[in-house]
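The sequence shown stops at residue 101 when you use the working numbering, and every number in between is there.
These notes are about the structure you will find just below.
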Amino acid sequence: MSTIPAGTLRDWDHANLWHPFTPLADWAAVDPLIIERAEGVYLFDVEGYRYLDGVGSLWCNVHGHRHPALDAAIRAQLDKVAHTTLLGVSHPGAIELA
4 MSTIPAGTLR
14 DWDHANLWHP
24 FTPLADWAAV
34 DPLIIERAEG
44 VYLFDVEGYR
54 YLDGVGSLWC
64 NVHGHRHPAL
74 DAAIRAQLDK
84 VAHTTLLGVS
94 HPGAIELA
């Protein structure tokens, strides 16, 4: 769990963090849900409560969070390059996956 108290995180979130695509009046009326970690199909908040990730983090986690093989592949790629566009350049990973 976080070393920063949940109440402090909530206060900082309301004071400093913009949540795009979120109805701000609804968001301001309640305490924000602050997710600290994830495993498989579950998210865990800063108070230790577990939630089913029904959103799939906007479709990018169809295999769940912290999948060992995917995490290993990501770590290996980070040792090479974290990101590059396809705006006039390419890279072996994109070519091989295409």
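Even glycine gets a Cβ: it sits at the ideal position worked out from N, Cα and C.
Given the structure is predicted, the values throughout are model-derived calculations rather than measurements.
Beta-ladder partner(s) of residue i, from DSSP
i, result
"residue 47", "40, 53"
Distance between residue j and residue i (C-alpha atoms, nearest Å)
i, j, result
"residue 100", "residue 38", "32 Å"
"residue 47", "residue 20", "20 Å"
"residue 1", "residue 84", "Within the shown structure, residues of the chain are numbered from 4 to 101, placing residue 1 beyond reach of any answer."
"residue 54", "residue 73", "22 Å"
"residue 98", "residue 89", "10 Å"
"residue 96", "residue 86", "11 Å"
"residue 44", "residue 7", "25 Å"
"residue 15", "residue 28", "17 Å"
Secondary structure of residue i, DSSP reduced to three states
i, result
"residue 70", "coil"
"residue 89", "coil"
"residue 95", "helix"
Other residues of its chain near residue i: CB distance less than 7 Å, five sequence neighbours each side excluded
i, result
"residue 34", "13"
"residue 5", "12, 39, 49"
"residue 30", "22"
"residue 36", "48"
Residues near residue i by beta carbon distance below 6 Å, same chain, minus five either side
i, result
"residue 17", "none"
"residue 9", "49, 50"
"residue 41", "68"
8 Å CB neighbourhood of residue i in its chain, flanking five on each side removed
i, result
"residue 75", "none"
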